[in-house]
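A.B. asks: Here the protein sequences line up with chains A and B, keeping their order.
Going by the working numbering, the first residue of the first sequence is number 1446, and it counts up by one from there.
Going by the working numbering, the first residue of the second sequence is number 1446, and it counts up by one from there.
Cβ atoms here follow ideal geometry from the backbone N, Cα and C, with glycine treated the same way.
Input: one structure, supplied below.
There are 2 protein chains.
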Amino acid sequence: MSPAAAEPAEGSLLLDDQLCFALYAASRAVTARYRPLLEELGLTYPQYLVMLVLWEQDSISVRDLGTALQLESSTLSPLLKRLEANGLLRRERRRDDERSVAIRLTDTGARMREQAAAVPLAIGDAMGLTPDQDALAKQLLRLITANVAAG
Amino acid sequence: MSPAAAEPAEGSLLLDDQLCFALYAASRAVTARYRPLLEELGLTYPQYLVMLVLWEQDSISVRDLGTALQLESSTLSPLLKRLEANGLLRRERRRDDERSVAIRLTDTGARMREQAAAVPLAIGDAMGLTPDQDALAKQLLRLITANVAAG
DNA sequence: CACGCTTTAGTTGTGCACGACTTAATCGCA
DNA sequence: TGCGATTAAGTCGTGCACAACTAAAGCGTG
């Protein structure tokens, strides 16, 4: 991690100067790395993220799931239907508020948690960062997310 | 940028411990920030990345474009058709190798570069990182990309 | 030269991601 | 109490992203 050889001019249009491209490329590369592991579980990457939330907090509304993952209902609704079709969760209208839909894991969905425990370990290994680098990367990424969302 | 309050256990399944999620969320947040700016140019974010490459190196093959952006021809071919339909570029078979297609900017596409110069500045501003943080983030992201691609 | 292998671009099918919109339920307040 | 505004989930259309595959061109070696 030595400093960059030559610091780019402000407002460069060179692809390799763009932080946004480094971000976009890294995100796709990591997702690609997950793909074969998740395929064994029959999950896509966004489906895996939904399962992570549900393993943390079962019986959550579509709205709160969207808040946690920063996804619209127009993305989540079909995704949740696919997970329901695969037997991992059930969707039921809340009786106290019929607008809201509660997402609950099935036994199959809950049991998948054990199998999934190996996944973050394998990916963490593949990313090959030291614990300090990992923490630093998370902090920088959250800072970026917070800043661009704010303006 | 103080250290994290509590370092997560290895292999945690908590969403907010996952570097992969921070990456995925940041990437989408940044793309969302670009959207209104690029809409004025009539571009999507991946189309903007293609234009960045072309402003750097005109008359490039689909293959080399794919290498630069780490995208498959199955993603690029339809995207390039849309850019061609919008009058920003032309596609022509190479005479010396009829398998290959050369992508060339039209005058309109080349002229868009001036308008686009403001975009990275605005985004850099919105990300709100110091030059050091920006450089560090790029280094970490490239390290992650290289590591996960390698294994 | 011939024929099989590789390379290049493109097509097809599936699943996100998001804007614009719809429907139904609930809320708030005049 | 009634009715307009708000909220929740979902549909639809467009555009990535990628795997699996196809078609056509070029290459290499017997």
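I1568 (chain A) versus chain B: which residues are under 9 Å apart at the beta carbon?
C.D. replies: Within the first sequence, the letter at position 123 stands for residue 1568 (chain A). The contacting residues are Q1463, L1464, C1465, V1593.
A.B. asks: Hey, does P1481 (chain A) have any beta-carbon neighbour from chain B nearer than 7 Å?
C.D. replies: Within the first sequence, residue 1481 (chain A) is the residue found at index 36, counting from 1. Not an interface residue.
A.B. asks: Roughly how far, in whole angstroms, is the beta-carbon of A1571 (chain B) from the beta-carbon of V1593 (chain A), given that I think they are within contact range, below 8 Å?
C.D. replies: Looking up residue 1571 (chain B) in the second sequence gives position 126. Looking up residue 1593 (chain A) in the first sequence gives position 148. With a Cβ gap of about 5 Å, A1571 (chain B) and V1593 (chain A) count as contacting.
A.B. asks: Out of B:S1545, B:L1533, B:Q1560, B:A1567, which has the shortest C-alpha to C-alpha gap to D1552 (chain B)?
C.D. replies: Start at 1 with the first residue of the second sequence, and residue 1552 (chain B) comes out as number 107. Nearest of B:S1545, B:L1533, B:Q1560, B:A1567 to D1552 (chain B), Cα basis: B:L1533.
A.B. asks: According to DSSP, E1537 (chain A) sits in a beta bridge with which residue or residues?
C.D. replies: Numbered from its first residue, the first sequence carries residue 1537 (chain A) at position 92. In DSSP, E1537 (chain A) forms a bridge with A:A1547.
A.B. asks: Which word fits K1526 (chain B), buried or exposed, when buried means at least 16 other C-beta atoms lie within 10 angstroms of its C-beta?
C.D. replies: In the second sequence, residue 1526 (chain B) corresponds to position 81, counting from 1. Flag for K1526 (chain B) reads exposed.
A.B. asks: Spatial neighbours of S1504 (chain A) within its chain, please: CB distance less than 6 Å, with the 5 preceding and 5 following residues excluded, ordered by chain position.
C.D. replies: The count along the first sequence starts at 1 and reaches residue 1504 (chain A) at position 59. Contacts found: A1547, R1549.
A.B. asks: Find the nearest neighbour of Y1469 (chain A) within the set B:L1458, B:Y1493, B:L1460, judged by alpha-carbon distance.
C.D. replies: Position 24 of the first sequence, counted from the first residue, corresponds to residue 1469 (chain A). Of B:L1458, B:Y1493, B:L1460, the residue nearest in Cα terms is B:Y1493.
A.B. asks: Give me the chain B residues within the contact set of R1587 (chain A), using Cβ-Cβ distance strictly less than 7 Å, ordered along the chain.
C.D. replies: Residue mapping note: residue 1587 (chain A) aligns to position 142 of the first sequence, counting from 1. Those within 7 Å of R1587 (chain A) in chain B are A1467.
A.B. asks: Please list, in chain order, the chain A residues whose beta carbon lies closer than 9 Å to that of G1511 (chain B).
C.D. replies: Within the second sequence, residue 1511 (chain B) is the residue found at index 66, counting from 1. Near G1511 (chain B) there are no residues of chain A at all, since even the closest Cβ is about 12 Å away, more than 9 Å.
A.B. asks: CA-CA distance, R1508 (chain A) and T1520 (chain A)?
C.D. replies: As a working mapping, residue 1508 (chain A) is identified with position 63 in the first sequence. As a working mapping, residue 1520 (chain A) is identified with position 75 in the first sequence. Their Cα atoms are separated by approximately 12 Å.
A.B. asks: Helix, strand or coil for S1504 (chain B), going by three-state DSSP, please let me know.
C.D. replies: Counting from one through the second sequence, the residue named residue 1504 (chain B) turns up at place 59. Residue state, collapsed to three classes: coil.
A.B. asks: Which residues mark the beginning and the end of the alpha helix (DSSP H) in which A1582 (chain B) is found?
C.D. replies: Within the second sequence, the letter at position 137 stands for residue 1582 (chain B). It spans 1576–1595 - the alpha helix (DSSP H) in which A1582 (chain B) sits, taken as one unbroken run.
A.B. asks: If you measure between the beta carbons of T1590 (chain A) and A1563 (chain B), is that distance less than 7 Å?
C.D. replies: Residue 1590 (chain A) sits at position 145 when you count from the first residue of the first sequence. Residue 1563 (chain B) sits at position 118 when you count from the first residue of the second sequence. Cβ distance not < 7 Å, so T1590 (chain A) and A1563 (chain B) don't count as in contact.
A.B. asks: Thinking C-alpha only, which one of B:P1523, B:R1558, B:S1506 is nearest D1541 (chain B)?
C.D. replies: One-based indexing of the second sequence puts residue 1541 (chain B) at position 96. Nearest C-alpha to D1541 (chain B): B:S1506.
A.B. asks: CA-CA distance, V1604 (chain A) and S1522 (chain B)?
C.D. replies: Given a span of 1446 to 1596 for chain A in the structure shown, any question on residue 1604 (chain A) remains unanswerable.
A.B. asks: Report yes if the C-beta distance between S1472 (chain A) and S1545 (chain B) is below 7 Å; otherwise report no.
C.D. replies: Numbered from its first residue, the first sequence carries residue 1472 (chain A) at position 27. Numbered from its first residue, the second sequence carries residue 1545 (chain B) at position 100. Result no, Cβ atoms of S1472 (chain A) and S1545 (chain B) do not sit closer than 7 Å.
A.B. asks: D1503 (chain A) CB to nearest chain B CB: under 7 Å?
C.D. replies: Here residue 1503 (chain A) refers to the residue found at position 58 of the first sequence. Taking Cβ atoms only, chain B never reaches closer than 7 Å to D1503 (chain A), which makes this a no.
A.B. asks: If we ignore side chains and look at the alpha-carbon of each, how far apart do E1501 (chain A) and R1558 (chain A) end up?
C.D. replies: The count along the first sequence starts at 1 and reaches residue 1501 (chain A) at position 56. The count along the first sequence starts at 1 and reaches residue 1558 (chain A) at position 113. Approximately 10 Å between the Cα atoms of the pair.
A.B. asks: To the nearest angstrom, how far is the alpha carbon of S1518 (chain B) from that of G1511 (chain B)?
C.D. replies: The sequence position of residue 1518 (chain B) within the second sequence is 73, counting from 1. The sequence position of residue 1511 (chain B) within the second sequence is 66, counting from 1. Those two C-alpha atoms are separated by around 7 Å.
A.B. asks: Kindly give me the distance between the Cβ atoms of L1482 (chain B) and A1555 (chain B), rounded to whole angstroms, as I take these residues to be in contact under 8 Å.
C.D. replies: For the purposes of this step, residue 1482 (chain B) is taken as residue 37 along the second sequence, with counting starting at 1. For the purposes of this step, residue 1555 (chain B) is taken as residue 110 along the second sequence, with counting starting at 1. Not quite, the Cβ-Cβ distance comes to about 19 Å (not below 8 Å), so this is no contact.
A.B. asks: For T1476 (chain B), which residues in the same chain have their Cβ closer than 7 Å to its Cβ, ignoring the five residues on either side in sequence?
C.D. replies: Residue numbering aside, residue 1476 (chain B) sits at position 31 when the second sequence is read from its first letter. Cβ neighbours of T1476 (chain B) beyond the five flanking positions: Y1490.
A.B. asks: List the residues of chain B whose Cβ lies closer than 7 Å to the Cβ of G1596 (chain A), in chain order.
C.D. replies: Here residue 1596 (chain A) corresponds to residue number 151 of the first sequence, with the count starting at 1. The answer, in chain order, is A1571.
A.B. asks: Skipping 5 residues on each side, what residues in its chain have a beta carbon closer than 7 Å to that of R1478 (chain A)?
C.D. replies: Counting from 1 along the first sequence, the entry for residue 1478 (chain A) is found at position 33. Within the same chain, R1478 (chain A) has close Cβ partners I1568, A1571.
A.B. asks: Check this for me: beta carbons of E1529 (chain B) and R1536 (chain B), under 7 Å apart or not?
C.D. replies: For the purposes of this step, residue 1529 (chain B) is taken as the residue at position 84 of the second sequence. For the purposes of this step, residue 1536 (chain B) is taken as the residue at position 91 of the second sequence. Taking 7 Å as the Cβ cut-off, E1529 (chain B) and R1536 (chain B) qualify as a contacting pair.
A.B. asks: Please look up how many angstroms separate the CB atoms of L1586 (chain A) and A1580 (chain B), rounded, as I've assumed it's under 8 Å.
C.D. replies: The residue given as residue 1586 (chain A) occupies position 141 in the first sequence. The residue given as residue 1580 (chain B) occupies position 135 in the second sequence. At roughly 15 Å, the Cβ-Cβ gap does not stay under 8 Å, so L1586 (chain A) and A1580 (chain B) are not in contact.
A.B. asks: Starting from the beta carbon of V1475 (chain B), find every residue of chain A whose beta carbon is closer than 7 Å, and list them in chain order.
C.D. replies: Here residue 1475 (chain B) corresponds to residue number 30 of the second sequence, with the count starting at 1. By Cβ distance, chain A contributes C1465, L1468, I1589, V1593.
A.B. asks: Taking only beta-carbon positions, decide if A1449 (chain B) is within less than 7 Å of chain A.
C.D. replies: Your numbering for residue 1449 (chain B) matches position 4 in the second sequence. Reliability of the predicted coordinates at A1449 (chain B) is poor, the pLDDT of 46 falling under 50, and the value obtained from them is presented with this limitation in mind. Yes, A1449 (chain B) lies at the interface with chain A (some Cβ there is under 7 Å from its Cβ).
A.B. asks: Locate the alpha helix (DSSP H) running through S1457 (chain B), then write down its first and last residues.
C.D. replies: Residue numbering aside, residue 1457 (chain B) sits at position 12 when the second sequence is read from its first letter. Careful: S1457 (chain B) lies outside any alpha helix (DSSP H) and carries neither H nor E.
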